[in-house]
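Each remark here refers to the structure printed beneath this line.
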Amino acid sequence: MTKITLYQFQECPFCAKVRAVLHRLELPFTAIIVPHDRKRCADRTGHFH
Numbered sequence: 906m907t908k909i910t911l912y913q914f915q916e917c918p919f920c921a922k923v924r925a926v927l928h929r930l931e932l933p934f935t936a937i938i939v940p941h942d943r944k945r946c947a948d949r950t951g952h953f954h
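See the structure below:
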């Protein structure tokens, strides 16, 4: 099975919805809190939305 990693902001309503669906579907996942620092996000992921 593919491992799911959710990169999320602490107070993101969209991330909360994704977490809720993952829990409802009983899919294991790892949640990583992303800092709101755009530079650090870009450095870690290669881009920032």
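Residue numbers are given in this note's numbering: position 29 of the sequence shown equals residue 934, and the series is strictly consecutive. Here a beta-carbon is modelled for each residue, glycine too, at the ideal position from N, C-alpha and C.
**Item:** Rounded distance between the beta-carbons of Thr907 and Thr935, thought under 8 angstroms
**Value:** Contact flag wrong, Cβ pair sits at about 12 angstroms.
**Asked** Just how far apart, CA to CA, sit His941 and Pro933?
**Response** Each residue's alpha carbon lies about 25 angstroms from the other.
**Request:** Could you tell me the distance, in whole angstroms, from the CA atom of Pro924 to the CA atom of Arg949?
**Result:** Residue identity differs from the one stated: residue 924 is Arg in this sequence, not Pro. Whole-angstrom Cα-Cα distance: 21 angstroms.
**Three-state class that DSSP yields for Thr907 in the structure shown** = Coil at Thr907, not helix or strand.
**Prompt:** What first and last residue would you give for the alpha helix (DSSP H) that runs through Phe919?
**Reply:** Per DSSP, the unbroken alpha helix (DSSP H) holding Phe919 starts and ends at Pro918 to Arg929.
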